[in-house]
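Asks: Numbering (our numbering), first residue to last: 25 to 608. Glycine is no exception: its CB is placed at the ideal position from the N, C-alpha and C atoms.
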Amino acid sequence: MQNILKLMGYMRPYWKQATIGPLMKLIEVMLELMQPRLVQRIVDEGIAKGDLDLVIETGLWMLGLAIGGVLFGIGNAWFGVWVAQRVETDVRSALFGKIQSLSFGNLDKLSTGHLITRLTNDVRQVGEVARLILRILSRMPMAMVGGLVMAIVTSPRLGLMFIGLAPVILGTLILVFRKANAMFGEVQNRLDRVNQVTQENLAGVRVVKAFLRADHEIERFGTANDRLMEQTIRVTQLVALVMPFMMLLLNLGVVGVIWFGGIAVTQGGMKLGEIIAFINYLLLFLQSLMIGSMVLIRMSRAEASAERIVEVLNSEPELQDRADAKRDVVLEGQVAFENVTFSYNETADDPVLRNLNFVAEPGQKVAILGSTGAGKSSLVNLIPRFYDVDAGRVMVDGMDVRDVDQGTLRQQIGMALQESVLFSGTIRYNIQYGRPDATDEEVEAAARAAMAHDFIVQFPDKYETLLGQRGVNLSGGQRQRIAIARALISRPKVLILDDSTSAVDLETEARIHDALEQMVGCTSFLVAQRISTVLKADKILVLDDGVLVAEGTHQELMESSSVYQEIYDSQLGEGNGYGGRAQC
Ligand code: TTP
Ligand code: MG
Numbered sequence: 025m026q027n028i029l030k031l032m033g034y035m036r037p038y039w040k041q042a043t044i045g046p047l048m049k050l051i052e053v054m055l056e057l058m059q060p061r062l063v064q065r066i067v068d069e070g071i072a073k074g075d076l077d078l079v080i081e082t083g084l085w086m087l088g089l090a091i092g093g094v095l096f097g098i099g100n101a102w103f104g105v106w107v108a109q110r111v112e113t114d115v116r117s118a119l120f121g122k123i124q125s126l127s128f129g130n131l132d133k134l135s136t137g138h139l140i141t142r143l144t145n146d147v148r149q150v151g152e153v154a155r156l157i158l159r160i161l162s163r164m165p166m167a168m169v170g171g172l173v174m175a176i177v178t179s180p181r182l183g184l185m186f187i188g189l190a191p192v193i194l195g196t197l198i199l200v201f202r203k204a205n206a207m208f209g210e211v212q213n214r215l216d217r218v219n220q221v222t223q224e225n226l227a228g229v230r231v232v233k234a235f236l237r238a239d240h241e242i243e244r245f246g247t248a249n250d251r252l253m254e255q256t257i258r259v260t261q262l263v264a265l266v267m268p269f270m271m272l273l274l275n276l277g278v279v280g281v282i283w284f285g286g287i288a289v290t291q292g293g294m295k296l297g298e299i300i301a302f303i304n305y306l307l308l309f310l311q312s313l314m315i316g317s318m319v320l321i322r323m324s325r326a327e328a329s330a331e332r333i334v335e336v337l338n339s340e341p342e343l344q345d346r347a348d349a350k351r352d353v354v355l356e357g358q359v360a361f362e363n364v365t366f367s368y369n370e371t372a373d374d375p376v377l378r379n380l381n382f383v384a385e386p387g388q389k390v391a392i393l394g395s396t397g398a399g400k401s402s403l404v405n406l407i408p409r410f411y412d413v414d415a416g417r418v419m420v421d422g423m424d425v426r427d428v429d430q431g432t433l434r435q436q437i438g439m440a441l442q443e444s445v446l447f448s449g450t451i452r453y454n455i456q457y458g459r460p461d462a463t464d465e466e467v468e469a470a471a472r473a474a475m476a477h478d479f480i481v482q483f484p485d486k487y488e489t490l491l492g493q494r495g496v497n498l499s500g501g502q503r504q505r506i507a508i509a510r511a512l513i514s515r516p517k518v519l520i521l522d523d524s525t526s527a528v529d530l531e532t533e534a535r536i537h538d539a540l541e542q543m544v545g546c547t548s549f550l551v552a553q554r555i556s557t558v559l560k561a562d563k564i565l566v567l568d569d570g571v572l573v574a575e576g577t578h579q580e581l582m583e584s585s586s587v588y589q590e591i592y593d594s595q596l597g598e599g600n601g602y603g604g605r606a607q608c
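What follows is the structure, encoded as structure tokens:
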């Protein structure tokens, strides 16, 4: 239960309301505890002695207490909901904020599907527990102790019944708890699996359709779903046993009380009202115990959720800024790799990049060429310090990127990632995402440079065109151009375009590069598969399986690098139909 209790710490800012609520419950229970005594009075002193005034007076008291109880009950519900909903919201915000602070390395390990389950289902469970604690569990101690004390005070002789019943009840509860706890953990695992299958399926629903694998998917989902059902049935059946068992004990208790009490009454040693009051206290005690134990079982179920939330909340970003990290430095745009070796998984034998050395001077246009999987994206991701190197240094303006504040560094680097991610919202919103205070003119200028302006103005709503589910869907090449505009808008000192024109036709690509030359006086890194993209670069880096095999201008490489010549021949050389045309 430690994780769920830890998350209940989120009640702290609302401690006043979180105290008043249960206090109201306490008063409600106290008022409830008085009722059986009043019933006893009516029976033993009112009815038995024919004192109608006493019956009416006591009846009015009971009514008054009942109304008071309802009011305090409503108050408790009001505060309980007020606090619990805030706890739920705060936990969700904390979790979301934490996810934003995590590094690429952390995020690689947490799948999106699992994060969504944590943010929704798991947080919900925690909110539910907060509500139950404030509204129901807070009743348990008072009702149980009060019921017990009042029962014994009412009739010490019948009170012995409790002593017989209590160990049986507690023993059963503990047994059920232990078992249910473990079983609920498994329910959560199986729910995770259902969510994972669902998420993968929805993300790839077009692939499923294209390959006619719907039946396979239904089967896969069905298996996960059935497994969840089986486990849920098992644990619910176990928990469901608790209720009838308790009812049996309760009824046995009542029968016992009536049996022994009845004998005592006929022998004249006990009054009828005493038995009625005692039975009421017994019921109050057992009911609280039953409901309380249900809440505890519910809490043990939520513990699995709490554990998953706390796991994320406790994770530390893999990349931290040093205390003395440089802020407010304005970059010139020089980028240098010194003996850089890098791998995603430090235990792997084969690093993704090996002993890389190169310098890009401010304003230079650097092209990175290499076959797929050669490490091009990995290389450019090291410049904004998305990951830390295993060995060597990545330098900007002569400073190790690890010595510069991450925010300061990334603010001055514009980047279009290999996968063009756009958000739902307007085109303008998506371009301005790179710099929220950009003016309309700046948005248009960036769009023009990215060769996006022309297609944007063809939409009826132009820059206000909605993208995403409720708006238009863009083609791959159009998305890439919006992503380039987003990278350009911050007027970065270092611009990184990771294969950002791969889905754009050759002519448009050439025009984008021309426009970029006009617009940005920054160091740019262009990752490319096509050699036509790199012809005009100041420097071309040729990567092969994580190793820098050649470096130079097109002319230099044509003379010195056989790897480069091969790529050139395969794409633009004679005999290659489309490449040949592109060359002229
Ligand atoms: P990349 O750097 O992604 O290779 P690339 O950009 O040159 O390839 P492409 O042209 O297809 O975009 O990957 C280099 C190696 O690193 C590759 O073996 C896969 C591995 N890798 C990871 O292990 N984890 C990751 O997150 C990424 C991006 C790559
Ligand atoms: Mg890549």
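For the stretch 293-306 against the stretch 170-178, do three or more pairs of beta-carbon atoms, one drawn from each stretch, fall closer than 8 Å, so that the two count as touching?
Replies: At 8 Å Cβ cutoff, the stretches touch.
Asks: Using beta-carbon positions only, say whether V428 and A349 come within less than 8 Å of one another.
Replies: It is a contact, given that the beta carbons lie within the stated cut-off.
Asks: Mind checking who V364 pairs with in its DSSP beta bridge?
Replies: L380
Asks: When burial is assigned at 16 or more other CB atoms within 10 Å of the CB, is F208 buried or exposed?
Replies: With 16 or more other Cβ atoms within 10 Å, it is buried.
Asks: Could you tell me whether any non-hydrogen atom of the ligand TTP is closer than 7 Å to the CB of Q595?
Replies: no
Asks: Which residue from S524, V107, M86 puts its Cα closest to that of S401?
Replies: S524
Asks: Going by other Cβ atoms of all chains shown within 10 Å of its Cβ, with 16 needed for buried, is L406 buried or exposed?
Replies: Note on L406: 16 or more other CB atoms within 10 angstroms of its CB, so buried under the neighbour-count rule.
Asks: Compute every distance between the C-beta of K486 and the non-hydrogen atoms of the ligand MG, then say whether any falls below 7 Å.
Replies: no
Asks: Go to G438, then tell me how far its alpha helix (DSSP H) extends in each direction, as first and last residue.
Replies: Looking at the DSSP string, G438 is not in any alpha helix (DSSP H); the run it does join, the beta strand (DSSP E), is 437-440.
Asks: Hey, would you say Y592 sits closer than 8 Å to V566, going by beta carbons?
Replies: no
Asks: Within 10 angstroms of the Cβ of R605, are there 16 or more other Cβ atoms? Answer buried if so, exposed if not.
Replies: At R605, the pLDDT of 45 sits below 50, so the modelled position is not reliable; the number obtained from the coordinates is stated separately. So R605 counts as exposed.
Asks: Please report the straight-line C-alpha distance between Y602 and R554, rounded to a whole angstrom.
Replies: Note on Y602: pLDDT 45, under 50, position unreliable in the model; the coordinate value appears next. Answer to the nearest angstrom: the Cα atoms are 12 Å apart.
Asks: So is the beta-carbon of Q442 under 7 Å away from any non-hydrogen atom of the ligand TTP?
Replies: yes
Asks: Extract the residue ranges of the alpha helix (DSSP H) inside the stretch 169-238, only unbroken runs of 4 or more that lie entirely within it.
Replies: 180-227, 229-234
Asks: So what's A552 in DSSP terms, helix, strand or just coil?
Replies: strand
Asks: Identify the continuous alpha helix (DSSP H) that holds E385 and give its terminal residues.
Replies: Here E385 belongs to no alpha helix (DSSP H), and DSSP marks it neither H nor E.
Asks: At a threshold of 7 Å, does A527 count as lining the ligand TTP (C-beta to nearest heavy atom)?
Replies: no
Asks: So the candidates are N219, L262, Q261, A462; which of them puts its Cα closest to the Cα of R244?
Replies: N219
Asks: Any idea if C608 is buried or exposed, counting beta-carbon neighbours within 10 angstroms, 16 or more meaning buried?
Replies: Residue confidence for C608 is low, a pLDDT of 43 falling below 50, so the modelled location carries little weight; the figure read from the coordinates is stated next. With fewer than 16 other beta carbons inside 10 angstroms of its own, C608 counts as exposed.
Asks: DSSP on M423, reduced to helix/strand/coil?
Replies: strand
Asks: Helix or strand or just coil, what does DSSP make of K517?
Replies: coil
Asks: Quick check on Y34: buried or exposed, where buried means 16 or more other Cβ atoms within 10 Å of its Cβ?
Replies: Classification of Y34: buried, given that the 10 Å Cβ count is 16 or more.
Asks: Can you tell me whether DSSP reads L565 as helix, strand or coil?
Replies: Residue state, collapsed to three classes: strand.
Asks: Identify which residue in F366, G316, V353 has its Cα closest to the Cα of I13.
Replies: Any question about residue 13 goes unanswered here, given that the chain covers just 25 to 608.
Asks: Mind listing, in chain order, the residues whose beta carbon lies closer than 5 Å to a non-hydrogen atom of the ligand TTP?
Replies: Y368, V376, T396, G397, A398, G399, K400, S401, S402
Asks: Anyone know if the C-beta pair for A204 and V259 falls short of 8 Å?
Replies: yes
Asks: When the distance is taken between beta carbons, is F366 closer than 8 Å to D414?
Replies: yes
Asks: Which of helix, strand or coil does DSSP assign to A527?
Replies: coil
Asks: Let me make sure I understand the geometry here. Which of A234, N213, D568 has the alpha-carbon closest to that of P375?
Replies: D568
Asks: Kindly identify the DSSP beta-bridge partner or partners of L139.
Replies: Paired residue(s): none; L139 is not in a bridge.
Asks: Would you report the Cα separation of A167 and A190, rounded to the nearest angstrom?
Replies: 15 Å
Asks: Counting only runs of 3+ residues fully inside the stretch 312-367, write out the beta strand (DSSP E) ranges in chain order.
Replies: 359-366
Asks: Exposed or buried, which one is P46 when buried takes at least 16 other CB atoms within 10 Å?
Replies: buried
Asks: Counting only the same chain and skipping the five closest in sequence on each side, list residues whose C-beta sits under 6 Å from that of G297.
Replies: Q64, V67, D68
Asks: Express the C-alpha separation of A507 and E466 in angstroms, rounding to a whole number.
Replies: Going by the C-alpha atoms only, they are around 15 Å apart.
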